[in-house]
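Protein chains: 2
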Amino acid sequence: MAAAPIVIDDADDPRIAEFRDIKERDLTGRQGRFIAEGTVVLRMLAVAHVNDGDFVAEKILLLRNRADGVSEILAQLPDDVPVFIAEAEVLDRIVGFHMHRGVLALGRRRVSATSLIDRLPETALVLVGAGISNHDNAGSMFRNAAAFRADGVFLDETSCDPLYRKALRVSVGSVLSVPYERGGTAEALLAQLAARDFAIWTLSPRGETDIRSIPPSGRMALVVGTEGEGLPQEILSRFRSARIPQSEGLDSLNVATATGIALFAMSSAAGRI
Amino acid sequence: MAAAPIVIDDADDPRIAEFRDIKERDLTGRQGRFIAEGTVVLRMLAVAHVNDGDFVAEKILLLRNRADGVSEILAQLPDDVPVFIAEAEVLDRIVGFHMHRGVLALGRRRVSATSLIDRLPETALVLVGAGISNHDNAGSMFRNAAAFRADGVFLDETSCDPLYRKALRVSVGSVLSVPYERGGTAEALLAQLAARDFAIWTLSPRGETDIRSIPPSGRMALVVGTEGEGLPQEILSRFRSARIPQSEGLDSLNVATATGIALFAMSSAAGRI
């Protein structure tokens, strides 16, 4: 049962302070809190919340005329999650820009007792990102991981937090559904995965194995680096590398698209799709 | 031989008027003129220009401290293409925002005497976009078409012009290297392609044929629709449809990524990559 909506008519109301100027600053890093934006992401957050997943909805802020449109989603949430509504003029002053979507939630990530690497199933496909600092690319990578049934995403400490508002939005909420962990160096992460019998495949335009010829194995990890630079040589020389066959040219595929194609090929090889 | 650079110290100088406020307005549609941004796109424009391709460089505008970095590219252009340079403060006033890249060109598309459909080789792979209005997606689709060696891109009249500054930038200049045509209805376009022996494959999450099982044929066309809505039912029911196998869920892959995967699969099937 959703809470009865509370009308906000003052942008300075402390009850909605977390939604202030969300374009200029990001809550990420403040005790795992984040802003979820749009109906699709709200729905994913509600699903995680009611299933005791890794995420909790703390409060909702809606444009008044959007409240009816999301009532079905809100009905799933318990009534201790407050729902605030505001007119467009007030909402725009709260968030600091014109907000035509008008659906916002404050969420929090729960700290998991066991690390993701120890929770992975016996047969698993994971995605590892090193230096993925672009929020769009991070979001798209989660979307692709969800589409091709990856069991988890690992991001090194130099990658951005996928709970950034834009990454989360671009992921169409997949950041809330695909288990992930972020932190540590890519080298340490890959050593841990290798020790747990993962076949590690780095992706590079100059990779040795055609992505269509990767042999299937029970546990597979795809490793992608930042656009432009790619993966550091230390990583490329330590693990097997795969390439997506394509035109020779100055610029390879966008990292998000390349990740999608590689996950498609690996998920195909493993018989997962 | 490049022209000797001309210093611009007044943002209102009529010689660089086309670069004024480029964020707010777009030249597209004005006799095929467009703004190319960044070193990579400038290089593609210079290549098209000197090879008598579909595009001509009309003038160049650079941040003073970027001029050395692109001198090799400019040296390819004839000296009747003027090169203007400006300090950061002047350049920012010209373009209307802070321009840290500092490499701009005014280009023009030449009108081709013969239509693209009549210039396609006997064995061909083409991409058809219907209702691709998002500039990012349009740009990414060209990048994917270039990576997987498509012979051409057709966009219907409801798709955006790929020469929009952002589409061109996201394409990393592929809009200037992959032949394309834009206009007409998708239905008319597909009828023309079918009449020229193209096997038409529409892409849809509910497509009948797994994209990995498309039979190769000499001439193949991949048809993609707008994100969200997808292709209209009239088109889906008239032609064969393909799907990318993926998780069931509310949101399918991003249209750019889906196009990349489908082109990868079709180009593989046809033995082109």
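Those protein sequences? They're chains R and C, same order as listed. Every letter in the first sequence is one number past the one before it in the UniProt record's numbering, and letter 117, counting from 1, is 117. Every letter in the second sequence is one number past the one before it in the UniProt record's numbering, and letter 119, counting from 1, is 119. All residues carry an ideal CB built from backbone N, CA and C; glycine is no exception.
| task | Please go through the same chain and pick out, in chain order, the residues whose beta-carbon is closer than 8 Å to the beta-carbon of E208/R, but skip the five residues on each side of it. | result | Translated into positions along the first sequence, residue 208/R becomes position 208. Cβ contact annotation for E208/R (same chain, cutoff 8 Å, sequence separation greater than five): R240, S241, A242, R243, in chain order.
Quiz prompt | Secondary structure of residue 361/C, DSSP reduced to three states | solution = The structure shown does not extend to residue 361/C, since chain C is modelled only from 1 to 273, so the question has no answer here.
Practice item. Step through the CB atoms of chain R and report whether any lies within less than 7 Å of the CB of I235/C. Key: Taking the first residue of the second sequence as 1, we reach residue 235/C at position 235. At a cut-off of 7 Å between beta carbons, I235/C makes no contact with chain R.
*Mind checking whether I73/C and A46/C have CB atoms under 7 Å apart?*
By one-based count along the second sequence, residue 73/C stands at place 73. By one-based count along the second sequence, residue 46/C stands at place 46. With contacts defined by Cβ atoms closer than 7 Å, I73/C and A46/C form a contacting pair.
Q | Burial state of A195/C (16 or more Cβ within 10 Å) | A | For the purposes of this step, residue 195/C is identified with residue 195 of the second sequence, where counting begins at 1. A195/C should be labelled exposed.
Determine the burial state of D12/C: buried for a count of at least 16 other Cβ atoms within 10 Å of its Cβ, exposed for fewer.
Here residue 12/C refers to the residue found at position 12 when the second sequence is read from its first residue. Only exposed fits D12/C, as fewer than 16 other CB atoms lie within 10 angstroms of its CB.
Would you be able to state if there are at least three C-beta pairs under 8 Å between the segment 61–75 of chain R and the segment 187–207 of chain R?
Counting C-beta pairs with one atom in each stretch, the segment 187–207 of chain R and the segment 61–75 of chain R have fewer than three that are closer than 8 Å, which means they do not touch.
- Compare the beta carbon distance of M220/R and L155/R with 7 Å and say whether it is the shorter of the two. If you number the first sequence from 1, residue 220/R lands on position 220. If you number the first sequence from 1, residue 155/R lands on position 155. Judged by beta-carbon spacing, L155/R lies beyond the 7 Å limit of M220/R, meaning their Cβ atoms are not closer than that value.
Margin query: Here's a check: name, in chain order, each residue in its chain whose Cβ is nearer than 6 Å to the Cβ of V223/C, leaving out the five neighbours to either side.
Written below: Locating residue 223/C in the second sequence gives position 223, counting from the first residue. The beta carbon of V223/C sits closer than 6 Å to the beta carbons of V128, T202 from its chain, once the five residues preceding and following it are set aside; these are given in chain order.
Is there contact here, the segment 130–142 of chain R with the segment 154–169 of chain R, by at least three beta-carbon pairs under 8 Å?
Enough Cβ pairs lie closer than 8 Å, so yes.
Partners in chain R for L253/C, counting only beta-carbon separations shorter than 8 Å:
Along the second sequence, read from residue 1 onward, the residue named residue 253/C stands at position 253. The contacting residues are R143, N144, A147, G260.
Exercise. Would you kindly work out how many angstroms separate the C-alpha atoms of R110/C and Q31/C, rounded to a whole number?
Key: Along the second sequence, read from residue 1 onward, the residue named residue 110/C stands at position 110. Along the second sequence, read from residue 1 onward, the residue named residue 31/C stands at position 31. Straight-line Cα distance between these residues: approximately 9 Å.
| For M220/R, the first and last residue of its enclosing beta strand (DSSP E) | Taking the first sequence and counting its residues from 1, one reaches residue 220/R at position 220. It spans 219–224 - the beta strand (DSSP E) in which M220/R sits, taken as one unbroken run.
**Item:** Close beta carbons around A57/R, own chain, < 7 Å, minus the five adjacent residues each side
**Value:** Position 57 of the first sequence, counted from the start, is the residue given in the question as residue 57/R. Contacts found: L45, A46, H49, L77, V81, A105, G107.
Who are the neighbours of R212/R on chain C, taking C-beta pairs under 7 Å?
The residue given as residue 212/R occupies position 212 in the first sequence. Close to R212/R, with beta-carbon spacing below 7 Å, are these residues of chain C in chain order: S268.
Relative to the alpha-carbon of D54/C, which residue among A113/C, R93/C, F19/C, A17/C has its alpha-carbon at the smallest distance? Taking the first residue of the second sequence as position 1, residue 54/C is located at position 54. Of A113/C, R93/C, F19/C, A17/C, the residue nearest in Cα terms is A113/C.
Check your understanding: Short check: CB of I211/C to CB of A262/C, under 7 Å?
Key -> The sequence position of residue 211/C within the second sequence is 211, counting from 1. The sequence position of residue 262/C within the second sequence is 262, counting from 1. Yes, these two residues count as a Cβ contact at 7 Å.
### Message
Helix, strand or coil, according to DSSP, for E92/R in the structure here?
### Response
Here residue 92/R is taken as the residue at index 92 of the first sequence, counted from 1. The question names Glu, yet the displayed sequence has Asp at residue 92/R. In the three-state reduction of the DSSP assignment, D92/R falls in the helix class, which pools H, G and I.
C-beta contact flag for A36/C and L63/C at 7 Å:
Stepping through the second sequence from its first residue, residue 36/C is reached at position 36. Stepping through the second sequence from its first residue, residue 63/C is reached at position 63. Between A36/C and L63/C, the gap from beta carbon to beta carbon reaches 7 Å or more.
Checklist entry - From L91/C to S177/R, what does the alpha carbon distance come to, in whole angstroms? => result On the second sequence, residue 91/C is found 91 positions in, with the first residue counted as 1. On the first sequence, residue 177/R is found 177 positions in, with the first residue counted as 1. Separation of L91/C and S177/R (C-alpha to C-alpha, rounded to the nearest whole angstrom) is 45 Å.
State the start and end residues of the unbroken alpha helix (DSSP H) segment that holds T202/R.
-> Taking the first residue of the first sequence as 1, we reach residue 202/R at position 202. Note, T202/R: premise wrong, no alpha helix (DSSP H); beta strand (DSSP E) at 199–203.
* Asked: Which value, in whole angstroms, describes the spacing of the CA atoms of I22/C and F34/C?
  -> Here residue 22/C refers to the residue found at position 22 when the second sequence is read from its first residue. Here residue 34/C refers to the residue found at position 34 when the second sequence is read from its first residue. For I22/C and F34/C, the gap between their C-alpha atoms comes out near 10 Å.
With distances taken from CA atoms, which of A4/C, D52/C, R20/C, F97/C is nearest I85/C?
Sequence index remark: in the second sequence, residue 85/C carries index 85 (1-based). In terms of CA proximity to I85/C, A4/C leads the group A4/C, D52/C, R20/C, F97/C.
query = Does the Cβ of S237/C have 16 or more other Cβ atoms within 10 Å, making it buried, or fewer, making it exposed?
reply = Here the question's residue 237/C lines up with position 237 in the second sequence. Looking at its Cβ environment, which holds fewer than 16 other Cβ atoms inside 10 Å, S237/C is exposed.
Problem - N-terminal and C-terminal residue of the alpha helix (DSSP H) that S140/C is part of - result: In the second sequence, the residue the question calls residue 140/C occupies position 140. In the DSSP annotation of this structure, the continuous segment of the alpha helix (DSSP H) that includes S140/C starts and ends at 135–147.
Three-state class that DSSP yields for E72/R in the structure shown: Here residue 72/R is taken as the residue at index 72 of the first sequence, counted from 1. In this structure, E72/R counts as helix in the three-state DSSP scheme.
Counting along the chain, where does the alpha helix (DSSP H) carrying G260/C start and finish?
-> Counting from 1 along the second sequence, the entry for residue 260/C is found at position 260. 255–269 is the extent of the alpha helix (DSSP H) around G260/C.
field: Coarse secondary structure for S171/R, derived from DSSP in three states
entry: In the first sequence, residue 171/R corresponds to position 171, counting from 1. Looking at S171/R - three-state DSSP - the assignment turns out to be coil, as it is neither helix nor strand.
message = One question on the structure: do T39/C and V103/C come within less than 7 Å of each other, judged by their Cβ atoms?
response = By one-based count along the second sequence, residue 39/C stands at place 39. By one-based count along the second sequence, residue 103/C stands at place 103. In contact: T39/C and V103/C (Cβ atoms closer than 7 Å).
### Query
With a cut-off of 7 Å, does the C-beta of I273/C fall near any C-beta of chain R?
Residue mapping note: residue 273/C aligns to position 273 of the second sequence, counting from 1. Using a Cβ-Cβ cut-off of 7 Å, I273/C counts as an interface residue toward chain R, since at least one Cβ of chain R sits closer than that to its own.
Item to check | Nearest to S247/C (by Cα), restricted to the options S252/R, D52/R, F264/R | outcome: Mapped onto the second sequence, residue 247/C falls at position 247. Measuring from the Cα of S247/C, the nearest candidate turns out to be F264/R.
Identify whether E37/R lies in helix, strand or coil by the three-state DSSP scheme.
-> One-based indexing of the first sequence puts residue 37/R at position 37. Reduced to three states, the DSSP call for E37/R is strand.
*asked:* Excluding the 5 residues flanking Q192/R on each side, which residues of the same chain have their C-beta closer than 8 Å to its C-beta?
replied: One-based indexing of the first sequence puts residue 192/R at position 192. So the list reads I117, once near-sequence residues are dropped.
What separation, rounded to the nearest whole angstrom, lies between the Cα atoms of T123/C and F148/C? Counting from 1 along the second sequence, the entry for residue 123/C is found at position 123. Counting from 1 along the second sequence, the entry for residue 148/C is found at position 148. Distance between the alpha carbons of T123/C and F148/C: 14 Å.
#### Entry: Span of the alpha helix (DSSP H), counted from its first residue to its last, around R238/C
In the second sequence, residue 238/C corresponds to position 238, counting from 1. Counting along the chain, R238/C sits inside the alpha helix (DSSP H) bounded by residues 233–238.
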